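Peer 1: One line per chain: the protein sequences are A and F, in this order. Under the working numbering, the first residue of the first sequence carries the number 5, and numbering increases by one thereafter. Under the working numbering, the first residue of the second sequence carries the number 117, and numbering increases by one thereafter. Glycine included, each C-beta is placed from N, C-alpha and C at the ideal position. In this text the structure is predicted, and so the values were computed from the model without any measurement. Before we start, here is the structure in question, set down as structure tokens.
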Amino acid sequence: EPEVTQTPSHQVTQMGQEVILRCVPISNHLYFYWYRQILGQKVEFLVSFYNNEISEKSEIFDDQFSVERPDGSNFTLKIRSTKLEDSAMYFCASSGQNSYEQYFGPGTRLTVT
Amino acid sequence: SQQGEEDPQALSIQEGENATMNCSYKTSINNLQWYRQNSGRGLVHLILIRSNEREKHSGRLRVTLDTSKKSSSLLITASRAADTASYFCATAPNTGGFKTIFGAGTRLFVKA
Chain A
5 EPEVTQTPSH
15 QVTQMGQEVI
25 LRCVPISNHL
35 YFYWYRQILG
45 QKVEFLVSFY
55 NNEISEKSEI
65 FDDQFSVERP
75 DGSNFTLKIR
85 STKLEDSAMY
95 FCASSGQNSY
105 EQYFGPGTRL
115 TVT
Chain F
117 SQQGEEDPQA
127 LSIQEGENAT
137 MNCSYKTSIN
147 NLQWYRQNSG
157 RGLVHLILIR
167 SNEREKHSGR
177 LRVTLDTSKK
187 SSSLLITASR
197 AADTASYFCA
207 TAPNTGGFKT
217 IFGAGTRLFV
227 KA
């Protein structure tokens, strides 16, 4: 069964450093998403991406964040200058044409020290 | 404002019992979905119910939607220890995008 994969599973970085979180969505999906979940809290929408551009973003997704689909398979989330409060699980998801059913990856745990 | 608030926050039942979780939301929606998350893992899509549907079944899962009350319920029948997880409702606002807003979740513990 096709699945969304994410790398790395755990990333530790120092405050102020840039990080890139990587995702490989399901191959025939067209919509891609990033969410984050701070420990013990709800899953929060960050951004959705379609047709090589951002379709929606939340207020969390400020200038420190960017997304990119550099080739036909990867979908990345970059945090330019990490802050302590960026520590969270980051989930990538994808969905097919006209589908709200999103398939989630296993997540990347980001720890900013 | 909060969208997709579940109750109870935590539920502990015996194996074989039914588990009911509720979700309320505030804005107009296109659909409502339920997801499961095992501890420290990703989210698994369980079921989607559209705004023009009132009830939907999938195996041991039964979901209801009352758009007049802006609420939904998830019933898991004949629960098993493997159903132990957090359950989240997620709404897709009727704004034309595919953005999904998650609630805080219900932590279900099924005792063997």
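1. Which value, in whole angstroms, describes the spacing of the CA atoms of A:THR117 and F:SER167?
2. Would A:THR112 and A:TYR94 be called neighbours here (beta carbons separated by less than 8 angstroms)?
3. Across which residues does DSSP place F:ALA208 in a beta bridge pair?
4. Grab me the residues of F:SER187's own chain with a C-beta within less than 6 angstroms of its C-beta, minus the 5 sequence neighbours each way, in chain order.
5. Alpha carbon to alpha carbon, how far is F:THR136 from A:GLU63?
6. Counting only Cβ-Cβ distances shorter than 7 angstroms, please list the residues of the segment 67-101 of chain A near chain F, keeping chain order.
7. Rounded C-beta distance between A:GLY100 and A:ASN56? I'm assuming under 8 angstroms.
8. Ends of the beta strand (DSSP E) at A:GLN15?
9. Using the rule of at least 16 other Cβ atoms within 10 Å of the residue's Cβ for burial, across every protein chain shown, is A:ASP66 buried or exposed?
10. By the criterion of Cβ-Cβ separation under 8 angstroms, what are the contact partners of F:HIS161 in chain A?
11. Between A:ILE30 and A:SER98, how many whole angstroms is the CB-CB distance? I'm expecting something under 8 angstroms.
12. For chain A, is any of its Cβ atoms less than 8 angstroms away from the one on F:PHE108?
13. Go ahead and label A:ASP75 buried or exposed: buried means 16 or more other beta carbons lie within 10 angstroms of its beta carbon, across all protein chains shown.
14. Can you name the start and end residues of the beta strand (DSSP E) that A:TYR94 belongs to?
15. Return the CA-CA distance between F:GLN118 and F:THR180, expressed in angstroms with no decimal places.
16. Identify every residue that forms a DSSP beta bridge with F:ALA135.
17. So, at 6 angstroms on beta carbons, what are the nonlocal neighbours of A:GLY20 in its own chain, with the 5 sequence-adjacent residues on each side left out?
18. Among F:GLY219, F:LEU159, F:ALA228, which one has its Cα closest to the Cα of A:GLN45?
19. Can you list the residues of chain F that A:PHE49 reaches, using a CB-CB cut of under 8 angstroms?
20. Specify, as a first and last residue, the run of the beta strand (DSSP E) that F:HIS161 falls within.
21. Can you tell me whether A:ASP75 is helix, strand or coil according to DSSP?
22. Could you work out which residue in A:PHE36, A:GLY109, A:ILE58, A:GLU89 is closest to A:GLN18 when comparing CA atoms only?
23. Using a cut-off of 9 angstroms between C-beta atoms, extract the partners of A:GLY20 located in chain F.
24. With respect to the beta strand (DSSP E) encompassing A:THR115, which residues constitute its N-terminal and C-terminal limits?
Peer 2: The relevant details are as follows:
1. Taking the first sequence and counting its residues from 1, one reaches residue 117 of chain A at position 113. Taking the second sequence and counting its residues from 1, one reaches residue 167 of chain F at position 51. Cα to Cα, the separation comes out at about 44 angstroms.
2. Along the first sequence, read from residue 1 onward, the residue named residue 112 of chain A stands at position 108. Along the first sequence, read from residue 1 onward, the residue named residue 94 of chain A stands at position 90. With respect to A:TYR94, A:THR112 sits close: the two C-beta atoms are nearer than 8 angstroms.
3. For this step, residue 208 of chain F is matched to residue 92 along the second sequence. F:ALA208 is bridged to F:ASN147.
4. Position 71 of the second sequence, counting from 1, holds the residue named residue 187 of chain F. Cβ within range, chain order: SER140.
5. Along the second sequence, read from residue 1 onward, the residue named residue 136 of chain F stands at position 20. Along the first sequence, read from residue 1 onward, the residue named residue 63 of chain A stands at position 59. C-alpha separation (whole angstroms): 33 angstroms.
6. PHE95, SER99
7. In the first sequence, the residue the question calls residue 100 of chain A occupies position 96. In the first sequence, the residue the question calls residue 56 of chain A occupies position 52. Between A:ASN56 and A:GLY100 the Cβ distance is about 17 angstroms, and since that is not below 8 angstroms, they are no contact.
8. Locating residue 15 of chain A in the first sequence gives position 11, where the first residue counts as 1. It spans 14-17 - the beta strand (DSSP E) in which A:GLN15 sits, taken as one unbroken run.
9. Along the first sequence, one-based indexing puts residue 66 of chain A at 62. Per the 10 Å Cβ criterion, exposed.
10. To locate residue 161 of chain F, count along the second sequence from 1; it is residue 45. The contacting residues are GLU105, GLN106, TYR107, PHE108.
11. In the first sequence, counting from the first residue as 1, residue 30 of chain A sits at position 26. In the first sequence, counting from the first residue as 1, residue 98 of chain A sits at position 94. Taking C-beta atoms under 8 angstroms as the contact rule, A:ILE30 and A:SER98 qualify, at a distance of about 5 angstroms.
12. No statement about residue 108 of chain F is possible, as the shown extent of chain F runs from 117 to 228 and does not include it.
13. Here the question's residue 75 of chain A lines up with position 71 in the first sequence. Per the 10 Å Cβ criterion, exposed.
14. Within the first sequence, residue 94 of chain A is the residue found at index 90, counting from 1. That run of the beta strand (DSSP E) goes 92-99.
15. Reading the second sequence from its first residue, position 2 is the one you call residue 118 of chain F. Reading the second sequence from its first residue, position 64 is the one you call residue 180 of chain F. Confidence in F:GLN118 is poor, its pLDDT being 38 and thus under 50, which makes the residue's placement unreliable; the coordinate value appears in the next sentence. Roughly 20 angstroms between the two C-alpha positions.
16. Mapped onto the second sequence, residue 135 of chain F falls at position 19. Paired residues: F:ILE192.
17. Taking the first sequence and counting its residues from 1, the one referred to as residue 20 of chain A is at position 16. The residues are SER85.
18. Translated into the one-based positions of the first sequence, residue 45 of chain A becomes position 41. The option with the nearest alpha carbon to A:GLN45 is F:GLY219.
19. What you label residue 49 of chain A is simply residue 45 of the first sequence in a count that begins at 1. By Cβ distance, chain F contributes LYS215, THR216, ILE217, PHE218.
20. Here residue 161 of chain F refers to the residue found at position 45 when the second sequence is read from its first residue. In this chain, the beta strand (DSSP E) harbouring F:HIS161 covers 159-166.
21. In the first sequence, the residue the question calls residue 75 of chain A occupies position 71. Note: A:ASP75 maps to coil in three-state DSSP.
22. Looking up residue 18 of chain A in the first sequence gives position 14. When only C-alpha atoms are compared, the closest one is A:GLU89.
23. On the first sequence, residue 20 of chain A is found 16 positions in, with the first residue counted as 1. By Cβ distance, chain F contributes nothing, its closest Cβ being about 27 angstroms from A:GLY20, past 9 angstroms.
24. As a position in the first sequence, residue 115 of chain A is number 111, starting the count at 1. Element bounds for A:THR115: 112-116.
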